[in-house]
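Asker: All letters in the sequence shown, in the order written, are residues 38 to 303 by this note's numbering.
Note that CB positions come from ideal geometry on N, CA and C, so glycine has one too.
Pasting in a structure now, in C-alpha cells, and then I'll have a few things to ask.
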Amino acid sequence: MPRRNRLIRRPGALIGMILRLVAVVIITLLVVSPLLPTLTAAVGMRGPGGPLAGILATFQFTPALTWLGNSLLVSVTTTVVALVVAAPAAYALSRARGRLVSAYSLILFVVQSLPVVVLVIPLFILFAGAGLVDSLGGITLIYIGLSVAVAIWMMTAYIDTIPARLEESAWLDGCSVFGGFWRVVLPACWPGIVSTAIYCFLLTWNDYLVALVFIKSNALYTLPIGLQSARTPGLILVIVLPPLILFGVLHRYFSLGGIAGALADR
C-alpha cells in the first residue's frame, strides 16, 4: 500500500515503471518470436497419439539419438578444449605488454575475421590427405580452430577488467604465477568463462557448412545435417532445446559479483 501511494503521488515514477514493463514485454517478444514457428511446427504435428507421440516418433524412425550424441560429443569437446587453450592465452595477452603481444593480437583478429567458406576447400584438401574426412575427430579439429581465436579475444577482454593487484596479492602470500592465475583470476572471471563456453558451444552446435562438407556417413551426421535429411518438425525441437537448457542453467553466472567480492576481500 505505501508503494502504491508513492506511485500515485509521483506520476513520473508510475510512467517510468510502465515504460520499463513495456520495454520488457517488447524485448521478450523479440527473443521468443523466432522460436514460435519451431514450437508450432513441433507441437502441431498430427498423429494418433498427439504431438508427444509425433516427437517420440522422431527418435523411432530416424537416427536422431545418434545425431544428438554426435552433436553433443563434438560441441562439448570443442568447448572444453577451446576454454583450456584460451584461458591461459588470454591471461598472458591481458597481462603482457609489447610489440610481440600486439602482433599476436592482430593475428587473432585476422584469423577470426576470415569467413568459414574461405577455409573449407583448403581444409578439405588437407584433411583428405590426412584421412580425416568423414570423421567426427576431423570436424572437431576444425571447430576448435574456429573457436579458439574468438575465445581468446572474449576472455582477454574480461580478464582486462580484473585488477592485477589481485594476483599480485596472491604472489605476496606465496602463490606462484600459475597459482595466482588458477586460484584468483579464474574464479574472478567465471562469468567470462561461461559466456565464452556458451559461444563456443553454440558455434559448433548450430554449424551446418563444415559438417555438410566433411561428413558423408549418415551415422556421423550432426543434428543440423540430420534435420536437412530427415525434415521432421520434432527434430527441430531437439536442436533448439539443448542450447535453451544450457543457457537456463548457466544464466545465473552472468554477474560481476565475483570481482566485487574478490576486491572486498583484499
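Within its chain, find whatever has a CB closer than 7 Å to the CB of ASP302; leave out the 5 residues flanking it on each side and keep chain order.
Answerer: Here ASP302 scores only 44 on pLDDT, less than 50, and its place in the model is too uncertain to base an answer on.
Asker: Please confirm whether PHE251 and LEU169 have their CB atoms less than 9 Å apart.
Answerer: yes
Asker: DSSP three-state call for ILE52: helix, strand or coil?
Answerer: Here ILE52 sits in helix by DSSP.
Asker: What's the gap between the Cα of GLY294 and the Cα of GLY217?
Answerer: The pLDDT assigned to GLY294 is 45, lower than 50, so where the model puts this residue is not dependable; a value taken from the coordinates is nonetheless given after this. Cα to Cα, GLY294 sits roughly 19 Å from GLY217.
Asker: State the Cα-Cα distance for the pair ALA127 and ILE196, rounded to the nearest angstrom.
Answerer: 7 Å
Asker: Can at least three beta-carbon pairs, one atom from the segment 208 to 222 and one from the segment 136 to 146, be found at a separation below 8 Å?
Answerer: no
Asker: Classify GLY211 as helix, strand or coil using the three-state DSSP reduction.
Answerer: Note: GLY211 maps to coil in three-state DSSP.
Asker: Thinking ALA188 and LEU283 are a contact (beta carbons under 8 Å), I'd like their distance in whole angstroms, please.
Answerer: The Cβ separation is near 16 Å, so there is no contact.
Asker: In the DSSP assignment, find the unbroken alpha helix (DSSP H) run with THR17 in it and report its ends.
Answerer: Absent from the structure is residue 17, since the part of the chain shown begins at 38 and ends at 303.
Asker: Starting from PHE161, trace the alpha helix (DSSP H) both ways and give me its first and last residue.
Answerer: 153 to 167
Asker: What residues in its chain sit with their C-beta under 6 Å from that of ALA297, if we drop five residues either side in the sequence?
Answerer: At ALA297, the pLDDT of 45 sits below 50, so the modelled position is not reliable; the number obtained from the coordinates is stated separately. Around ALA297, the same chain offers no residue with a beta carbon nearer than 6 Å, after the five sequence neighbours per side are excluded.
Asker: Return the CA-CA distance between GLU205 and LEU287, expressed in angstroms with no decimal places.
Answerer: 30 Å
Asker: What residues in its chain sit with their C-beta under 6 Å from that of VAL247, if we drop five residues either side in the sequence?
Answerer: ILE176 and ILE179
Asker: Under three-state DSSP, which class holds ILE276?
Answerer: helix
Asker: Taking the Cβ atom as the reference point for each residue, do VAL275 and VAL185 lie within a distance shorter than 9 Å?
Answerer: no
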